[in-house]
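Residue numbers for the sequence shown follow the working numbering, so the first one is 57 and each next one is one higher. Positions of the beta carbon are idealized from the N, C-alpha and C atoms, including for glycine. Quick notes on the structure that follows.
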Amino acid sequence: MPAWTSDWPVLGIYLFFLSGALMRSQATYWAGRGVAVRVLRSRWKDRLDSPRVHRGVRAIERWGMPIVPLSFLTVGFQTAVNAAAGLLRIGWLRYTLWALPGCLVWAAVWGGGGMAAVAGAIALAARSPWALAGAVTVAVALVTVLVVRSRRRREQRDRIEDLAAEGADARP
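Here you go:
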């Protein structure tokens, strides 16, 4: 863990990260909400009119509110989903109740192992930048393999469902 947290109790670290997650998610939600009701313009409107935020809107429209807490397990996509919730003018209480579990998990990940992983990466880079590059390459390759495998399975499942639907339609 970083030196600035070495004297903190575990609960203090957790609450620090939880408050950060809550403030950031609410700020992003309200920025989207402000653009949706045309209170915020120019810079905010341009920032929230991006492909990433449009993807967040589509994700909420497709999967519903459970995508909000799940987005906290990602990097970048959570911001898009939080802004999209505001753009879609989802009620504040509903949004907050769905975002809270994501904030709780995000704080546990970053307050627990996430910061330790960042500190470890910095220490590894100080010793050997090549070792860090190798570790990052392995991690990216692993994530890529998992994502490709998941997409192939989903495409295969969709093809099977399409064939089943065609077969059902062909019956007299």
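Assuming contact is defined by CB atoms lying nearer than 8 Å, are residue i and residue j in contact in what I supplied?
i      : j      : result
Val137 : Ile116 : yes
Ala139 : Val93  : no
Ala163 : Phe73  : yes
Tyr85  : Gly132 : no
Along the chain, where does the alpha helix (DSSP H) that runs through residue i open and close?
i      : result
Ile123 : 123-127
Ile146 : Taken as a continuous stretch (DSSP letters only), Ile146 belongs to no alpha helix (DSSP H), as it is neither H nor E.
Ser75  : 66-92
Find the nearest neighbour of residue i within the set the options, judged by alpha-carbon distance.
i      : options                       : result
Met79  : Arg213, Trp119, Thr152        : Thr152
Ala87  : Gly169, Asp105, Arg213, Phe73 : Asp105
Val199 : Ala179, Leu67, Ile216, Thr130 : Thr130
When the Cα atoms are used, what is the spatial distance from residue i to residue j?
i      : j      : result
Ala221 : Val174 : 48 Å
Val187 : Ala181 : Residue identity differs from the one stated: residue 187 is Ala in this sequence, not Val. Distance between the alpha carbons of Ala187 and Ala181 is about 7 Å.
Val161 : Tyr70  : 10 Å
Leu144 : Trp64  : 39 Å
Gly176 : Gly167 : 14 Å
So is residue i in contact with chain C if we call contact Cβ pairs under 8 Å?
i      : result
Ala197 : Checking the listed chains, one finds no chain C in this structure; it contains a single protein chain.
(request) Tell me, please, whether the region 156-163 touches the region 110-129 by the rule of three or more beta-carbon pairs shorter than 8 Å. (result) yes
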